[in-house]
Every structure is written in C-alpha cells, then in structure tokens.
Amino acid sequence: MGGRSAQLAHTGLRHGWTTGACATAASTAAYTALLSGEFPDPVTITLPKGQTPSFALAVEELTEEGPAPGRTAAMAGVVKDAGDDPDVTHGALVRATVRALPAGSGVVFRAGPGVGTVTRPGLPLDVGEPAVNPVPRQMMREHLAEVAARYGGPGAAADVEVEISVDHGEEIARSTWNPRLGILGGLSILGTTGIVVPYSCSAWIDSIRRGVDVARAAGRRHVAGCTGSTSEKVAVALHHLPEDALLDMGDFAGAVLKYIRRHPVERLTICGGFAKLSKLAAGHLDLHSARSQVDKGFLAELARRGGADEALAQAVAEANTGLAALQLCAAADVPLGDLVAATARDESLAVLRGAPVAVDVICIDRAGMVVGRAEPRGPGEARQGGPVR
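Shown next, in the form of structure tokens:
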C-alpha cells in the first residue's frame, strides 16, 4: 500500500470525491438519460487509477428544448462529499446539463451558474474557457463516449454540450483562490485522481503553483509570498504589487521556493508573522504549528549575534512565545526582527540553489507593524553577519 491509500490508512480519516469526479458522475447520468430516458441511480464511474465509486443522484430532470420533438437536454446533480477534509465545496450540489449537438460537434464544455470562467493566462486552460480542468474534461469525455457506444452502437460518438454548474458556487468561490487567479463567476472543477485525501496539502500547494504560473504569464517580475491577509496588505503597501503578483503562501514556504526555483521570477518578497518566519530562518519549510515550532534557543543565538548580553539571551531562550522574545530584544535595542528576516532570506536563497531570484523578507507583528526587514539579495551574494538596516 502506498500513496493516497497509505495516507488514508495512517490517518483513519474518510476520503471524499473531487468536484471533477462529481461532474463526471452527473454528466454520465444525464447523458444516459438523454439517450435512454432513464437516469442510472446510483451512477458508477471509473477513476483514473481504476477505482469505481458510485454516486447517488440528488436531482434529475429531462427536458425538451427548442422546436425539435423528443429529448434534447437532461440534467443530473450530485452532492459533493469531501469526506473528512475541511473542503469549502463539501456539500455543494454539482450539476451537469447535457444537450444534444449536431453530428461531428464532439464534446463542448460550458460554464453554468456557479462555475468560473478563465480570464487570465497562465492556467492550464485558455482564456475564455470554463474552469473545468483538463483531467475532469478527459474523464467526462471518456465516460460520455462509453455511454454513446452503449446506446448508439460501435463507432457512435458523443456530440453534446456539457454545462457544469454548482449551486451557490459563486459565493463559495470567494473563499478560494479563483478571484486572485482570474477565474471569475464561480468555482473550478478540479481533481487529477478523483479522490480527496483528508487534510491533504496538495490542493493548497497546487494553488501556489498556479499562482506563480499566472504571475509569470502576466509578465510579473516581482511576486510576494504571504502567510496571511495581514502580511499581504503590508506587501502591497510597501511594494505596490498587483493582485496577480500575490501568492497565498500560508504555511508552505517550501512549496513557493521550490516551484520558483524551477520557474524563476526576478524578485520574491516573503512577508509574514515574526514567529512563522523565525521557523523559516531556522530551516523549516513547513511553517504549520503542528509540524514546526518556534525555537527560542535559536532566537537566543540570533540575539547574541545582534549584541545581546548573556542575561538577555537567556531570557529570550526562556521566553513564552516568539513575540515575547521579540519584545525583550526591542526593549534592549537588539534588532531581533531584522536578524530573523536576514536569516530567513539566506535560508530561502539556499533552497533556491542559485536560481536567478533576488529575495527580500518582511517580518510583521499581529497588528501588521513591520518588526524586521532584510533587503533584496540574489544568488551568490555573501551573507552578512549582522542585521539589515
């Protein structure tokens, strides 16, 4: 056992299904009804790795559209079950409306209510396309072809329009990266395996990668990886960056650095809370509290570098929080924030491994005040032992 199965077995959590899997099930059921007059319920699909889950239909409808007699459209809907993953689309109703098209049309995808449309380059879909990602599209094409062959005989083709919609999708999308990436009007239909692993980091990391792609496609030479909304506001205020140059890094500093190492931009600003960035300075690439902790002993060593006497260094080592350590040093005019920023910058350059990227770092407190900065430095530049002024 390996991969996703091993992760699920280790966590004991229940997996779920992607919006792409739900859309495939819904479109398969709708097209079957369009050709046969009956909706399969439940409807079974085959995922890219061979699993064959079944989905109950939440809604179904056969309609006649246009002047021609007979069935011309069918709609089926599946409620997304994300398992134990805290997915904002859990419980969303994913609908597929399938309409007959003239022979030779193939499968044409449309964005219905609640599904976004791509408005910026840099994504795996062309501008103007519905935000139905390539793997879900391929899954739907394959299943629709099987339905066409089943009811139309060998060589029968699926010549249909598939309109995917998500109830309340535009509202849900405000809690996603879509507006930032230029996907407007709703959600994306996603998934490469069809399975949602509980508490998987993959979706966030994938969104970081897509954010870098969008920024590069837009010609942005300077991007900012921010740990949250407050740090994002600081980065914008200091550097006047446009929205598509902002990366919602969260805790995944390593994901930003490793992807930019392979897809460089001229300059990367890392902006975040002092405590989180002290973890990056200490060499941690995952800044989540469950996976890395603020090392007060490390902060004490930095304080000594900045001129702290032994009594202050000991107080820093014994401080309750990183913020408390910062306040102790500020009272003694020891620039711990600058030292953390400079060390985090140097650690970031080490991860970049000589990629042509200049890095600067901004540390803030919870109120959004800048408490430490390190000016831009590129590959090959000598490290400095003291704070950056």
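The sequence shown maps to residues 107 to 495 in our numbering.
From the three backbone atoms N, C-alpha and C, an ideal C-beta is built for every residue, glycine too.
DSSP places P240 in the uninterrupted alpha helix (DSSP H) bounded by P240 to G258.
Nearest C-alpha to L229 among A388, A324 and S398: A324. Within the model, the alpha-carbon separation for R315 versus E170 is close to 43 Å. Spatial neighbours of K382 in its own chain (CB-CB distance under 7 Å, excluding positions within 5 residues in sequence) are listed in chain order as T333 and L393.
In the structure shown, R411 adopts helical secondary structure according to DSSP, grouped into three states. Judged by DSSP secondary structure, P192 falls outside any alpha helix (DSSP H); it is assigned neither H nor E. For the options S398, R373 and T375, the alpha carbon positioned closest to that of K385 is the one of S398.
Judged by DSSP secondary structure, R326 falls outside any beta strand (DSSP E); it is assigned neither H nor E. Taking a C-beta distance under 8 Å as the contact criterion, E276 and G292 qualify as a contact pair.
Assignment of E277 by DSSP, reduced to helix, strand and coil, places it in the helix class. Within the same chain, and ignoring the five residues on either side of V233 in sequence, the residues whose Cβ sits closer than 8 Å to its Cβ are V224, T225, R226 and P227. Per the DSSP secondary-structure output, I376 pairs in a beta bridge with G331 and V467. D354 is bridged by DSSP to C332. Boundaries of the alpha helix (DSSP H) harbouring V446: L442 to L458, taken from the DSSP string. Selection A387, F380, L353 and V238 evaluated against L290 yields V238 as nearest (Cα-Cα). Around the CB of D354, 16 or more other CB atoms lie within 10 Å, so the residue is classed as buried.
Residue pairing for M181: DSSP places it in a beta bridge opposite E167 and T203. For a cut-off of 8 Å, the C-beta gap from A480 to A448 is around 4 Å, short enough to register as a contact.
The Cβ neighbour count for P441, taken over all protein chains shown within 10 Å, is at least 16; the residue is labelled buried. Separation of I278 and T195 (C-alpha to C-alpha, rounded to the nearest whole angstrom) is 7 Å. A Cβ-Cβ separation of about 18 Å leaves T375 out of contact with D319 under the 8 Å criterion. Counting the other Cβ atoms within 10 Å of the Cβ of G143 gives fewer than 16, which makes it exposed.
Across the set P219, P240, D187 and A254, the C-alpha of A254 shows the shortest separation from the C-alpha of G212. A straight-line Cα-Cα distance of about 8 Å links R410 and L418.
For E416, the enclosing alpha helix (DSSP H) starts and ends at E416 to A423. Under DSSP, the beta-bridge partners assigned to F161 are V149.
A Cβ-Cβ separation of about 7 Å places G317 in contact with R286 under the 8 Å criterion. Nearest neighbour of A162 by Cα position, chosen from V477, D401 and V184, turns out to be V184. For L296, the CB contacts under 8 Å within the same chain, skipping 5 residues up- and downstream, are T124, T125, G126, N239, P242 and A309 in chain order. CA-CA distance, R280 to L199, rounds to 17 Å. Across the structure, G379 and S337 are spaced so that their CA atoms are roughly 7 Å apart. Around the CB of V214, fewer than 16 other CB atoms lie within 10 Å, so the residue is classed as exposed. Excluding its 5 nearest sequence neighbours in each direction, R327 has C-beta neighbours in its own chain below 7 Å: V371, E372 and R373, listed in chain order. Annotation: the continuous beta strand (DSSP E) that includes P482 extends over V476 to R483. Rounded to the nearest angstrom, the gap between the Cα atoms of T130 and A188 is 16 Å.
Less than 8 Å divides the Cβ of R483 from the Cβ of A464.
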